[in-house]
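Using this note's numbering, the letters of the first sequence correspond one by one to residues -5 to 587. Read the structure below first, then the notes.
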Amino acid sequence: MSSEKTPISLGSNFIRAIVEHDLADKKYATKKWAGSPGDSKHQALGQLDPAKIRTRFPPEPNGYLHIGHAKSIFLNFGLARDYAGVCHLRFDDTNPEKESQEYVDSILDAVQWLGFNWQTIESNGGVESNLYFASNYFDFMYRAAESLIENGHAYVDSQTADEMRETRGTLTEPGKNSPWRNRTVAENLQLFHEMRDGKHADGSLILRAKIDMASSNINLRDPAIYRVRRAHHHNTGNTWCIYPMYTFAHPIEDALEQITHSICTLEFEDQRPFYDWLLERLAEAGLLAHPLPKQYEFARLNLTYVVLSKRKLIDLVEQKHVSGWDDPRLPTLAGARRRGYVAEGFKLFTDRIGISKADSWIEYTILEDCMREVLNDAAERRIAVLDPIKLVIDNYELDKVEDCFAPNHPLKPELGKRVVPLTRELWIEAEDFMEMPSKGFFRLTPDGMVRLRYGYVVKCTRVEKDTVGNVTVVHCDYLPDTKSGTPGADAIKVKGNIHWVSAQHAYAAEIRLYDRLFKEAYPGSGDRDYLNDLNPYSVKTITAQLEPNLKDAKPEDRFQFERHGYFVADKKDSIDGKPVFNRTVTLRDAWQK
RNA sequence: UGGGGAGUCGCCAAGUUGGUUAAGGCACUGGGUUUUGAUCCCAGCAUCCGAAGGUUCGAGUCCUUCCUCCUCAGCCA
C-alpha cells in the first residue's frame, strides 16, 4: 500500500495558457492532416487533424542530448499528451558539416530512455510514425525559395561573407543594400538554379531574403537563406550542394508538419518576425495554408555547477577532460544514465522547476533531490563498506556463520528480507569509529556500544593501530541477547547503528565515487575560463567491501547502499559476476562533518 | 547608446479582464516517528511583488519615469 501523496501539481505556465486559449478559440479546429508532412495541396487532401495540437522536439544531430533538452522534451511531449495532441521528433539536419548518424542514434536512444516514442495510434487504428528529418523537405524548401524569388522576396547576392558582414550595419546603424539586390527575377532564378547545379563555388553566391537592410531587427536585414556547400549529408548524401539555413528551414519544417505550437528557447525570439514573414509569403504564394504555426519562446535551463552549452560539452569530450559523451560526470542524458540518474527523476525535476521566460539558474541540488526522491522509492537496500577497517568480535565463536535478516526495502515489506552472514571478523566503516569522539558523535567509541545493524549490540574493548597511529582493528564483545528481531533485542538501548559486512564473505568491488564536475557554481563566470573551474576531485575510484549478493548485480541495477547513497552497476564496465558500481548521489546527511 | 525580452521569499514559480489575509515546490528553522544521523509526519518561513511617482474606494496586476540583467551584427542552429 503506497502512501497517498499529494500529486505533484503540473502547475501552470504561460505556454499551457496559450495552448488552452487556442483550444478554446478553436484556432486550429479546421486544420487538416493528410497523414504525413506536406504543402497546402497535400494537406488539403487530408481529413481534419485528429491531433488537437502538434508540437515538436527538433534537435540538430550534432551532439548528444543533455539535461536542458530533457526540459524541452518533457515540455513538448508533455503538452501533446495533455492536450490530445502529437509531438514530432524531428531532426533539424540542415548543416551536413556538423551532423552525423552517431548523433542521430544517440538522440533516438535518449528520447526513448526518457519514456517517449514517435509512434502514434491513429483514430483509424493505424500506427503513425512521427519521426521526421528536415532533410527530407529539401525539395520543398528549394521550391519555396524559387517562389520567394519569383515574387521578388529573395535575391542572389554575389557579395563575399566579409562584404555581407560589413554592409549589414551594426546594432545602432542601419545596413547598406547589396549592389546585387536589384537583380531581375529571371537572373535570380537562373543563378539559383546554377547554385543547385553546382556551377558556383562554395560561398561564392548566396540566396538572401529581400526585406529591409535598415530594420532595427538585424535578423530582417536580408538574412541568408540558402548557401552553396559541397558536403556529404548523412541522409541525402551528395544529392545537394546547396543547403537551407536554419532561419529559412525551420519555419517551413514546422509548417509542413502542421505544427501548431513551435516552442523554442529565448535566443530565437528575434527570429520570430522572420518566421512569420516567411510563412506569410509562402501562404500568399499558395504553398502553405492557414492556420500557420506560431513560435513561442521559453528560458533555457541553467544549472549551477554544470555547463550545458553544446560547444563546451564538445570541448570537454574532445579535449579528454572526461572519458566520453557518456562519462557519468557529464550532464548529457547518456552520462546521467550511466551515473544512475533515472528518467522519472528528470520528469519530477522538470515539473518542479517550471517553465517561464525569466533567465534563471536552478540549484543543482534540486536535480539531486529529485533523483533521491524516486530512487528512495525504487531502489532496494544493500550494504557496502566503502572505507573498510576490521572489527573483531572477540567473544564470538571462531568459525561460526550466523544468518541475519535485512529488509530489502524498509518502506516495502512485501519485497521481503535477505540473509546476510555474520561472522567474527567484519568490515566496518572507518568513519564509524572515533577514538576521540567529537560532540554529538554517537557511533563506535572506546568503551562505547553500538548496534551492528540487523545483528547484535557490540561493545568496544580495545583498538589496534598502525605505525602512524591510524586505527586498523577495533575489538569488541557482543551482547548475546540483543540480536535484531529476537525478543528483548531492544532491552539495551543504543543510539548508534552501524553497517558491516562479513570479511570472509565480502565482495571486493570497484566503486566510482563521483562528485560535481565543476567546483564553481557558475563555471566560467566573470573572466575565468570555465576549464579552470573543473573540479580536480570529480571522481575517486575505490575498492569497497560489499554484501556478497551484490556480486550478482546486473548492469543498471540500482541500489541504496545504506547510510551512503544510491549506486548503480555500471552499464559499460560491469562484467558478469563482477559488477562495478557508480555512485549516483549520496544520501542527505544532517550530521555533516 | 538600436531592436527584442526579463525582473514576485536564499533558488525556482503561480498570480483569471485591478478587488479582500501574495499559491505551490526546493532550501532553511523548530518538533515528532525511525535498528539508514536516510525516509516520513507536523509547524514556522514575503504587510510585500526591481525603484520612485501617479490613477483608483481598491494595484504585483493600469499609467509615467528610472534601474538592473539577458539577447541579436554566422554563408551555425
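We put the CB at the ideal spot given by N, CA and C, even for glycine.
| Query | Result |
| --- | --- |
| Select from Glu357, Lys477, Pro217 the residue whose C-alpha is nearest the C-alpha of Val300. | Glu357 |
| Between Asn145 and Glu278, is the Cβ-Cβ spacing less than 9 angstroms? | yes |
| Using a 10 Å radius around the Cβ and a threshold of 16 neighbouring Cβ atoms, would you call Arg456 buried or exposed? | exposed |
| Can you tell me the Cβ-Cβ gap for Val413 and Val451, rounded? I've got them flagged as a contact below 8 angstroms. | The Cβ separation is near 20 angstroms, so there is no contact. |
| In the structure shown, what three-state DSSP assignment does Asp546 receive? | helix |
| Given that a residue counts as buried once 16 or more other Cβ atoms are within 10 Å of its Cβ, and exposed if not, what is Pro238? | buried |
| Do you know how far the Cα of Phe399 is from the Cα of Leu619? | The requested residue 619 does not occur in the structure, where the chain is confined to residues -5 to 587. |
| Quick one: using the 10 Å Cβ neighbour count with 16 as the cut-off for buried, is Gly463 buried or exposed? | exposed |
| Please work out which residues of its chain come closer than 6 angstroms, Cβ to Cβ, to Tyr448, disregarding the five sequence neighbours upstream and downstream, and give them in chain order. | Cys398, Ala400, Ser478 |
| Would you kindly work out how many angstroms separate the C-alpha atoms of Asp33 and Phe132, rounded to a whole number? | 13 angstroms |
| Please work out which residues of its chain come closer than 7 angstroms, Cβ to Cβ, to Ser152, disregarding the five sequence neighbours upstream and downstream, and give them in chain order. | Trp174, Leu199 |
| One question on the structure: do Glu261 and Arg50 come within less than 9 angstroms of each other, judged by their Cβ atoms? | no |
| Nearest CA to the CA of Asp363: which residue from Leu528, Lys453, Ala547, Gly559? | Gly559 |
| Go ahead and pull the three-state DSSP assignment for Pro245. | helix |
| On the three-state DSSP scale, how would you describe Cys398? | strand |
| Ignore the nearest five residues each way along the sequence and tell me which others in Lys(-1)'s own chain have a CB closer than 6 angstroms to its CB. | Residue confidence for Lys(-1) is low, a pLDDT of 29 falling below 50, so the modelled location carries little weight; the figure read from the coordinates is stated next. Around Lys(-1): no qualifying Cβ. |
| Along the beta strand (DSSP E) that carries Glu291, what are the first and last residues, could you check? | 288 to 292 |
| Quick one: complete beta strand (DSSP E) runs, 3+ long, within the stretch 19 to 88? | 48 to 51, 80 to 85 |
| Would you tell me roughly how many angstroms separate the C-alpha atoms of Leu59 and Gly329, rounded to the nearest one? | 10 angstroms |
| Three-state secondary structure (DSSP) at Asp471? | strand |
| So, with DSSP's three-state summary, where would you put Pro173? | coil |
| Report all residues from its chain with a CB closer than 7 angstroms to the CB of Ser(-3); omit the five preceding and five following residues, and keep chain order. | Bear in mind that a pLDDT of 28 at Ser(-3), under 50, signals an unreliable position, so the model cannot answer this. |
| Determine the DSSP secondary structure at Lys453, reduced to helix, strand or coil. | strand |
| Taking only three categories from DSSP, how would you classify Ala180? | helix |
| Where do the N-terminal and C-terminal ends of the alpha helix (DSSP H) with Arg266 fall, by residue? | 266 to 278 |
| Report the partner residues of Ala104 according to the DSSP bridge assignment. | Bridge partners of Ala104: none, in fact. |
| In this structure, how does DSSP classify Gln95 when only helix, strand and coil are distinguished? | helix |
| For Gly334 versus Thr578, is the C-beta spacing smaller than 9 angstroms? | yes |
| Please list, in chain order, all residues of the same chain as Tyr501 whose beta carbon is under 6 angstroms from its beta carbon, the five residues on each side excluded. | Leu540, Pro542, Leu544, Lys545 |
| Applying the 10 Å Cβ sphere with the 16-neighbour rule, what's the burial state of Arg642? | Within the shown structure, residues of the chain are numbered from -5 to 587, placing residue 642 beyond reach of any answer. |
| Go through the stretch 383 to 429 residue by residue and report every complete run of the beta strand (DSSP E) that reaches 3 residues or more, in order. | 396 to 401, 411 to 416, 419 to 423 |
| Short check: CB of Leu142 to CB of Arg84, under 9 angstroms? | no |
| Please name the residue in Ala45, Phe8, Asn7 whose C-alpha comes closest to that of Lys25. | Ala45 |
| Go through its chain and collect everything with a Cβ distance to His194's Cβ below 7 angstroms, but skip five positions before and after it. | Glu188, Val222 |
| Mind reading off the beta-carbon distance from Gln113 to Val121? Whole number of angstroms is fine, and I expect it under 8 angstroms. | 5 angstroms |
| Assuming Lys341 and Phe68 are in contact, meaning their beta carbons sit under 8 angstroms apart, how far apart are those beta carbons, in whole angstroms? | 6 angstroms |
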